[in-house]
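In the numbering used here, each number is its position in the sequence shown, counted from 1, plus 250. Even glycine gets a Cβ: it sits at the ideal position worked out from N, Cα and C.
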Amino acid sequence: MQRKELVGIRRIKMSAVPHILVIEARFYEDLADALYEGAADVLEREGAKISRLAVPGVLEIPAALSMALTAMENGEADYDGFVLLGVVIRGETTHYDIVSNESARAIMDLSVDANVAVGNGIQTVENDDQAWARASVSKKNKGGGAAEACLAMIDVRDRFGV
251 MQRKELVGIR RIKMSAVPHI LVIEARFYED LADALYEGAA DVLEREGAKI
301 SRLAVPGVLE IPAALSMALT AMENGEADYD GFVLLGVVIR GETTHYDIVS
351 NESARAIMDL SVDANVAVGN GIQTVENDDQ AWARASVSKK NKGGGAAEAC
401 LAMIDVRDRF GV
């Protein structure tokens with residue numbers, strides 16, 4: 251099955267090179283590398299400048315995003331968008347639910363409240379096989395999909411002049 255193209259939203263070549271911060275949870279390092287490979291391929295193809303920030307796990311991604319937004323407000327950083335990458339694999343406890351739900355809610359709140367272009371490539375899966383199917387560039391390439399979403403949302407934001 252092929253991934254659907256973004257319908258109705260096509261990238262407009264910007265006069266400036268978009269600067270994208272990729273925030274990646276490194277808890278599952280091999281999976282993180284695969285997700286990043288997919289994201290970097292898309293961003294490089296589109297001519298984006300990429301900065302990369304590693305955090306320990308998915309639960310730390312919203313805090314890192316918030317810190318980056320504060321740095322932007324203070325004039326200490328300048329990003330056009332964010333690609334968020336990580337994997338949460340269900341275990342034997344409720345920790346999976348906490349990490350999945352709390353990180354998703356915090357990311358959504360930040361992106362909506364701050365009008366931030368975000369591509370959310372955090373994968374919440376049942377097992378390693380599902381994780382690899384989504385992270386692998388040759389399979390579902392969810393890292394690449396998150397990068398495409400980020401670039402599309404930059405265009406949406408720019409179209410509204412926000």
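Bridge partner(s) assigned by DSSP for residue i
{"i": "V375", "result": "I339"}
{"i": "N370", "result": "L334"}
Closest Cα partner of residue i within the set the options
{"i": "E376", "options": "T343, I311 and E296", "result": "T343"}
{"i": "L303", "options": "N351, A327, R407 and I339", "result": "A327"}
{"i": "K299", "options": "G331, G288 and V305", "result": "G331"}
{"i": "V292", "options": "R355, G369, A381 and G411", "result": "G369"}
{"i": "S386", "options": "Y286, L360 and A266", "result": "Y286"}
{"i": "V267", "options": "E294, L360 and A282", "result": "E294"}
{"i": "R407", "options": "A381, V362 and I311", "result": "V362"}
{"i": "A313", "options": "R355, F410 and G341", "result": "R355"}
{"i": "H345", "options": "K390, A381, G325 and G307", "result": "G307"}
{"i": "S301", "options": "A318, L309 and L281", "result": "A318"}
{"i": "R409", "options": "N365, K389, Y329 and E296", "result": "N365"}
{"i": "D347", "options": "L309, G297 and A284", "result": "L309"}
{"i": "L315", "options": "L360, A381, I372 and A402", "result": "L360"}
{"i": "A282", "options": "W382, G297 and G341", "result": "W382"}
{"i": "I372", "options": "D378, D379 and R384", "result": "R384"}
{"i": "D378", "options": "Y329, G341 and E398", "result": "G341"}
Beta-carbon gap between residue i and residue j smaller than 9 Å
{"i": "A290", "j": "G395", "result": "no"}
{"i": "C400", "j": "V305", "result": "no"}
{"i": "A367", "j": "I404", "result": "yes"}
{"i": "N391", "j": "G288", "result": "yes"}
Closer than 9 Å to chain E by CB, residue i
{"i": "G395", "result": "Absent from the structure: chain E. Only one protein chain is present."}
Item to complete: Pick out the complete alpha helix (DSSP H) segments inside the region 265 to 346, 4 residues or longer, and give them in chain order.
Response: 279 to 295 and 311 to 323
Discussion item. I'd like to know if the region 269 to 285 and the region 332 to 351 are in contact, where contact means that at least 3 CB-CB pairs between them fall below 8 Å.
Written reply: yes
Discussion item. Any contact between the region 266 to 274 and the region 349 to 358? By contact I mean 3 or more CB pairs, one from each, below 8 Å.
Written reply: Output reads no: the region 349 to 358 does not touch the region 266 to 274.
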